[in-house]
Amino acid sequence: MSDIRVKIDGVAMAAPDKILTNKDLERIVDTSDEWIRTRTGMVERRISDEHTAASDIVLKACEKLFKKSSIRTRDIDLIIVATVTPDHPFPSTACILQTKLGIPHCPAFDISAGCTGFIYAITIAKQFIENGSATNALVIGVELLTKITNWTDRNTCVLFGDGAGAAIVTQANKGEISEIIDTYISSDGRYGDLLIMRGGGSRNPTSKETVEQNMHTLYMEGNKIFKIAVKSMGDAAVRILERNGFTGDDVDWLIPHQANLRIIDATAKRIHLLPQKVIINIEKYGNTSSASIPLAFAEAIEDGRVRRGDLIVLDAFGAGLTWGSVLLRY
Ligand SMILES: CC(C)(COP(=O)(O)OP(=O)(O)OC[C@H]1O[C@@H](n2cnc3c(N)ncnc32)[C@H](O)[C@@H]1OP(=O)(O)O)[C@@H](O)C(=O)NCCC(=O)NCCS
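Residue numbering for the sequence shown follows my numbering, starting at 892 and increasing by one per position.
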């Protein structure tokens, strides 16, 4: 065990200005505002324009983040970007961001853990800091899912949106209450085909055929995933509380991945948490994958709900399939 304690210094978010409402979607596919609201809790989502890539939105989130922090860009010595919609397959969006922010030489890499990406990235950053390999990590969750959406598939195109969240993960000072207490991550690759982008990789390199078959877009079997998501997110929340001697009563806030309001409600119930202790913004942004937790976290800090010292559970589930949780005092 390391003597170094690790905390989240701050979180900020950014999203494109353009809003795509359920009503707008009614004009694109055979769906209805009522179906989307009742099945998912979503009302609108943000959609980026053709000129915007992941690093552009991240940059906006980072500008807000560094404005609020005493840590400067020159102090950052680790950059981790969780995304399945990077600017390019390579170089990493983390390296692109490093240049845009003028961050000195340091490790910078992307990770792919679907919607659990932010939880994975926090877990990695915590370990770098605990073992003395880094001091101030910039941890990003960013997704421009509307860029890989199949706009003819009503099963998926109504669900996803764009956004970015950025956090500084750093050493906690002696006696300070803020701390990442524990993290838990897991995966089960047997269910990988349920949520997948089939084209564009080495299995199915981009070709006329892959494009004609929409293999460059997201494919999901949502109803099969639903049950696994409910169980995994519930288990992840219970596990992280139990192994640290806490119960739902101790928790100030659950900040869950925003995939479906019904999954969020079921997760809160598993840890016997009152609905008013759950941070939800799915109605405004839809599912923004690895960005959804930092988006919700940042909004809750901005509007004063989340305060320093609050006990918080972050909890997510996503492609892989992956899942995980973080227990922290903000
Ligand atoms: C995707 C999801 C919202 C679908 O809700 P659901 O209650 O499971 O609905 P189903 O997929 O069973 O579909 C029910 C019916 O609605 C229809 N339907 C699907 N999308 C629709 C839409 N946008 N508008 C109207 N009807 C739709 C289906 O065709 C189906 O019709 P049928 O009964 O005639 O076959 C839900 O399963 C979900 O949220 N899954 C998990 C998503 C997730 O966690 N993603 C991965 C992690 S980020």
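Just so it is clear, CB atoms sit at the ideal spot from N, CA and C, and this is done for glycine as well.
Note that the structure is predicted; figures quoted are calculated from it, not measured.
Looking only at its chain, what residues have a beta carbon closer than 7 Å to the beta carbon of residue i, apart from the 5 residues adjacent to it on each side?
i	result
Thr1097	Gly1090, Gly1091, His1107
Gln989	Ile970, Ala999
Leu911	Glu935, Arg936, Ile938
Glu1021	Ser893, Ile895, Val897
Asp921	Arg1045
Lys914	Asp924
Met904	Ala952, Gly1054, Ala1055, Gly1056, Pro1185, Leu1186, Ala1189, Glu1190
Gln1167	none
Glu917	Ser923, Asp924
Ser1123	Phe1208, Trp1214
Val964	Going by the sequence as given, residue 964 is Thr instead of Val. Cβ within range, chain order: Phe957, Leu992, Gly993, Ile994.
Cys997	Ile967, Asp968, Leu969, Ile970
Whose CA, out of the options, lies closest to the CA of residue i?
i	options	result
Ala1127	Gln1104, Glu1103, Gly1211, Ala1159	Ala1159
Arg1134	Leu1036, Ile1072, Asp915	Ile1072
Ala999	Gly1005, Ser1024, Cys1006	Ser1024
Ser1003	Arg1220, Leu1218, Leu992, Trp1214	Trp1214
Lys1175	Gly901, Arg928, Ile919	Arg928
Glu1190	Val902, Thr1043, Pro995	Val902
Asp908	Pro1166, Asp1141, Ala1120, Asp940	Asp940
Thr1007	Asn1041, His1148, Gly1054, Ile1116	His1148
Asp968	Phe1019, Lys1122, Thr1043, Ala1207	Phe1019
Pro995	Asp966, Ala1016, Ala1012	Asp966
Pro982	Asn1046, Ala952, Ser946, Leu916	Ser946
Asp1001	Val1030, Lys1017, Asn1022, Lys991	Val1030
Asp1044	Gln1104, Leu1035, Ala952	Gln1104
Lys1118	Leu1132, His1163, Ile1154	Ile1154
Lys1224	Lys951, His942, Lys914	Not covered by the structure: residue 1224. The range shown for the chain is 892 to 1221.
Val1169	Phe1188, Asn1178, Glu954, Gly1177	Phe1188
Val1121	Ser1093, Lys1099, Trp1144, Ala1150	Ala1150
Leu1036	Met1111, Gly1066, Ala1207, Ile1015	Met1111
Ala952	Thr922, Lys991, Asp915	Lys991
Asn1178	Glu1034, Leu916, Arg918, Asp915	Glu1034
Arg1198	Trp1144, Ser1093, Lys959, Asp1206	Trp1144
Ser1093	Ser1078, Ala1207, Pro980, Leu1132	Pro980
Gly1080	Gly1066, Lys1065, Ile1116	Ile1116
Arg930	Asp1206, Leu1165, Asp1156	Asp1156
Compute the distance between the beta-carbons of residue i and residue j, then report whether it is under 8 Å.
i	j	result
Ile1010	Ile1076	yes
Gly1005	Leu1109	no
Ala906	Leu1152	no
Val949	Ala1063	no
Val972	Thr984	yes
Arg1196	Gly1054	no
Val1204	Val1142	yes
Gly1052	Ser1181	no
Asp900	Ile987	no
Gly1247	Ile1173	No information on residue 1247 is available, as it lies outside the stretch 892 to 1221 that the chain covers here.
Ile1192	Ile1146	no
Ala1012	Asp978	no
Leu1212	Gly1083	yes
Looking only at its own chain, which residues have a Cβ that is under 6 Å from the Cβ of residue i, when we skip the five neighbours before and after it?
i	result
Gly1125	Thr1158, Arg1161
Gly1209	Gly1005, Cys1006, Thr1007
Phe1137	none
His1163	Gly1139
Thr1061	Asp900, Asn1027
Lys955	Ala903
Excluding the five sequence neighbours on either side, which residues of its own chain have a C-beta within less than 8 Å of the C-beta of residue i, listed in chain order?
i	result
Gly1200	Ile1068, Ser1069, Arg1220, Tyr1221
Asn1095	Arg1089, Thr1101, Met1106
Arg1130	Tyr1075, Ser1216
Thr1040	Thr1047, Cys1048, Phe1051, Thr1108, Leu1109
Ile919	Trp1042, Cys1048
Lys1017	Val897, Val1060, Ile1071, Thr1074
**OP:** Output the residue ranges of the beta strand (DSSP E) runs that lie fully inside the segment 1095-1181 and measure 3 residues or longer, sorted by chain position.
**Re:** 1144-1147
Original post:
Curious, which full-length beta strand (DSSP E) runs of at least 3 residues does the segment 964-992 contain?
Top reply: 969-973
Original post:
Unbroken beta strand (DSSP E) runs of length 3 or more, entirely within the segment 1184-1209: which are they?
Top reply: With a minimum length of 3 residues, the continuous beta strand (DSSP E) runs that stay inside the segment 1184-1209 are 1202-1209.
Subject >> Every unbroken alpha helix (DSSP H) inside the segment 1011-1076 [4 residues or more] >> reply: Runs of the alpha helix (DSSP H) inside the segment 1011-1076: 1045-1048.
**OP:** Only counting runs of 4 or more residues, tell me where the alpha helix (DSSP H) segments fall wholly within the segment 897-977, in order along the chain.
**Re:** 913-917, 924-931, 945-959
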